[in-house]
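Residue numbers (mature numbering (1 follows the signal peptide of the UniProt record, and there is no 0)): -25 to -1, 1 to 175.
For each residue, glycine too, the CB sits at the ideal point set by N, CA and C.
Only one structure is covered here, and it is reproduced in the block below.
Here it is in structure tokens:
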């Protein structure tokens, strides 16, 4: 009975470890190489339409946090560039947001005038399942190369939301380390399977 229990435990461990290597979504850097900015007038509407987003994918907002931030808002706030009651505030300059549901997502920059100048993106989540291909590797943010200031257009509006100061930047997730963990898990599970087959 004990050898059978050992084989069952080994098989369960094998299946768990193999599943660790799969299931990571793609990482989409918002604005691609331009990032989250007003420089060079990126077209975030066209950018979002050129991508397919799935549950489990990550949105990476990379920007100069002295000039910009990211506010997750509802549809009405997105269309009106209303920063008064955001769903979430991100201000590290390297924000990774995992898509957790098929709900439409809306993001704007909370710096006065930036949303009105086009620094906003609407993310429509695909109803189909994500493909099983690995996500691209994202480069870390540049050391301290600040973006030049872009003067926003003047707008008559009530005082806008100012996010609280950041108390430290969490380390970004490395897609390479995630892939490495998946590979290690896969190799370990193969070793366990071979060991269980030999011990029969």
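What's the gap between the Cα of residue i and the Cα of residue j?
| i | j | result |
| --- | --- | --- |
| residue 43 | residue 167 | 49 Å |
| residue 138 | residue 101 | Residue placement at residue 138 cannot be trusted, given a pLDDT of 49 that sits under 50; the coordinates are not used to answer. |
| residue 142 | residue 170 | For residue 142, the predicted structure reports a pLDDT of 45, less than 50, and the residue's modelled location is therefore unreliable. A value from the coordinates is still provided. Distance between the alpha carbons of residue 142 and residue 170: 48 Å. |
| residue 26 | residue 173 | 47 Å |
| residue 67 | residue 84 | 13 Å |
| residue 61 | residue 48 | 5 Å |
| residue 90 | residue 21 | 16 Å |
| residue 6 | residue 165 | 40 Å |
| residue 38 | residue 28 | 21 Å |
| residue 74 | residue 10 | 18 Å |
| residue 18 | residue 77 | 23 Å |
| residue -6 | residue 31 | Because residue -6 sits at a pLDDT of 44, beneath the cut-off of 50, its placement in the model cannot be relied upon, and the following sentence gives the value as read from the coordinates. Computed Cα separation, rounded: 14 Å. |
| residue 53 | residue 59 | 11 Å |
| residue 12 | residue 103 | 30 Å |
| residue 40 | residue 1 | 24 Å |
| residue 4 | residue 65 | 15 Å |
| residue 63 | residue 92 | 21 Å |
Taking the alpha-carbon of residue i as reference, which of the options has the nearest alpha-carbon?
| i | options | result |
| --- | --- | --- |
| residue 23 | 170, 97, 165 | 97 |
| residue 88 | 46, 63, 56 | 56 |
| residue 86 | 1, 79, 45, 51 | 45 |
| residue 51 | 79, 4, 64 | 79 |
With distances taken between CB atoms, is the gap from residue i to residue j smaller than 8 Å?
| i | j | result |
| --- | --- | --- |
| residue 15 | residue 36 | no |
| residue 33 | residue 72 | yes |
| residue 99 | residue 82 | no |
So if DSSP puts residue i in a beta bridge, which residue, or which two residues, is it bridged to?
| i | result |
| --- | --- |
| residue 9 | According to DSSP, residue 9 bridges with nothing at all. |
| residue 2 | 33 |
| residue 20 | According to DSSP, residue 20 bridges with nothing at all. |
| residue 97 | 81 |
| residue 28 | 100 |
**OP:** Would you mind listing the beta strand (DSSP E) stretches within the segment 30 to 90 that are 3+ residues and don't spill past its ends, in chain order?
**Re:** 33 to 37, 45 to 48, 63 to 65, 69 to 73, 80 to 83
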